[in-house]
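Now the structure itself:
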C-alpha cells in the first residue's frame, strides 16, 4: 500500500479503482481539513447563513452584503457549496444547503467555531503540545478550571456562556433518552448557566430541581434563571465537589463534566455523587465518549487534542466510565441509546437500594 507504483496501478485497475479513489480523497481531506474549517469560519463571521436564511440571493448582491469583492465572494460561495453548506441555483444565485441550514438553526455551533481560534493557535505546533512544552496554552487560559485555582469572574462568565450556547442541543438528546418520571429531585452538578435544567423544567413540571456549580458560576446561573422566571423553580447552590455535594436529590446529572477532569478528580467527583445520593439513587452521566462507533474521530482526535490543549481531562470510552462508576460504589450501570451519540452518549448508574 505504501509503494507509489502499486498506488498508481490500483488507481487504474478496475476492481481496485474505487478503493484507491476513496483512499485518495480521504487522505486529501486529512491534509486539507484546516482549510475546510476556515471556509466555515469565514461563512460564520460574514453571517452568510443568516443572510441566506431569508431566501436565495444573487452572487452580486451577496458580494455587497458580505462586503467582499465579487470574485472573492464567488470563490467563498463555491468553496461553501463544495462542503455542502450552500447550493447554487439558476441565475447565478445561492441558497442554504442542509448543513448551512442546520448551522443557522444551532447558534451553539457557530459559537464553538469562533472559539476554535484559540484551539488553532494551540495546535500550531502539535508536537510541542503533545510533549507538554506548550504551556500555558490559550485554551487553558479560557477554561478557568484547568489550573485548579480560583479565576476571575470574567473567565467563568466566558466559559459558562460558551457551554450554555452549545448545551441546548445536547440537553434535548439527553432528556429524550432518559426517563425521569420516577425522579423526585434532580441536581445538575456543574450546571453552568442552567441550560440543561431549563430544558428539564420545560418537560417535567413535577420535579424539584437544583443547580450546583462553583459559587461564581452559580451566581450567574441564578441571575439568568431569574430573568427567565425560573429563579424560584431552580435554586442554585455554590460550592466545590471536593468538599462534598449537597444531599437531598435522588438523581444527579453530570452533563459534559467528567471528561473535563483528569482521572483522579474525575473519580473523586463520581465518589462524591455516590455519597450524596440516597440508597437506590441514580447518576446520569452524559458526554461525548471515545471509541463511539461511526464517530471515532470526534472522540479520540477532536476531544483528545481539545482537552489536551485545555489542560485537563480526556475522552473516555464507555467501558472506562462504567468501571469508574463501579469503583465509586455504584451497583449497576447501563447505557441507553441517544439520538446523536457523536454529541453525547449516556450512562445511568444506580446506587444500591437499602435492604428491605
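Residue numbers (the numbering used here): 176 to 531.
C-beta atoms are modelled at their ideal positions from N, C-alpha and C, and glycine is treated no differently.
Counted as a single uninterrupted DSSP element, the alpha helix (DSSP H) harbouring residue 497 occupies residues 493-502. The C-beta separation of residue 293 from residue 317 comes to about 6 Å, placing the pair in contact by the 8 Å criterion. Residue 485 sits in a helix when the DSSP states are folded into three classes.
In the structure shown, residue 360 falls within a strand segment according to DSSP collapsed to helix, strand and coil. Straight across, the Cα-Cα distance linking residue 352 with residue 392 is about 27 Å. If you draw a straight line from the Cα of residue 269 to the Cα of residue 227, it is about 8 Å long. Note on residue 527: under 16 other CB atoms within 10 angstroms of its CB, so exposed under the neighbour-count rule.
Less than 8 Å divides the Cβ of residue 499 from the Cβ of residue 441. In this structure, residue 411 sits away from residue 403, with a CB-CB distance that is not shorter than 8 Å. Collapsing the DSSP output to three states places residue 427 in a strand.
By the 16-neighbour rule on beta-carbons within 10 angstroms, residue 490 is buried. Relative to the Cα of residue 295, the nearest Cα in the group 263, 204, 210 belongs to 210.
Proximity to residue 335 across 377, 378, 481, 283 peaks at 283, based on C-alpha coordinates. Listed as beta-bridge partners of residue 462 by DSSP are 520. Taking a 10 Å sphere around the C-beta of residue 476, we find fewer than 16 other C-beta atoms and assign the residue as exposed. Under a 10 Å Cβ-count criterion, residue 428 is classified as buried, with 16 or more other Cβ atoms of the shown protein chains found around its own Cβ. A straight-line Cα-Cα distance of about 17 Å links residue 215 and residue 240.
Setting aside the 5 residues that flank it on each side, residue 516 is surrounded in the same chain by 467, each with a C-beta closer than 6 Å to its C-beta; the list follows chain order.
In the three-state reduction of the DSSP assignment, residue 407 falls in the coil class. The alpha-carbon of residue 454 is positioned some 18 Å away from that of residue 356.
For the pair residue 198 and residue 254, the Cα-to-Cα distance works out to about 22 Å. Collapsing the DSSP output to three states places residue 233 in a strand. For residue 480, same chain residues with a beta-carbon under 7 Å away, outside a window of 5 residues either side, are 298 in chain order.
Taking a contact as a CB-CB distance under 8 Å, the pair residue 388 and residue 413 counts as one, their CB atoms being some 7 Å apart. Scanning its chain for C-beta atoms nearer than 6 Å, with the 5 sequence neighbours on each side dropped, one finds around residue 338 the residues 367, in chain order. The region 290-355 contains no complete beta strand (DSSP E) run of 3 or more residues.
Residue 366 carries a coil assignment under DSSP once its states are collapsed to helix, strand and coil.
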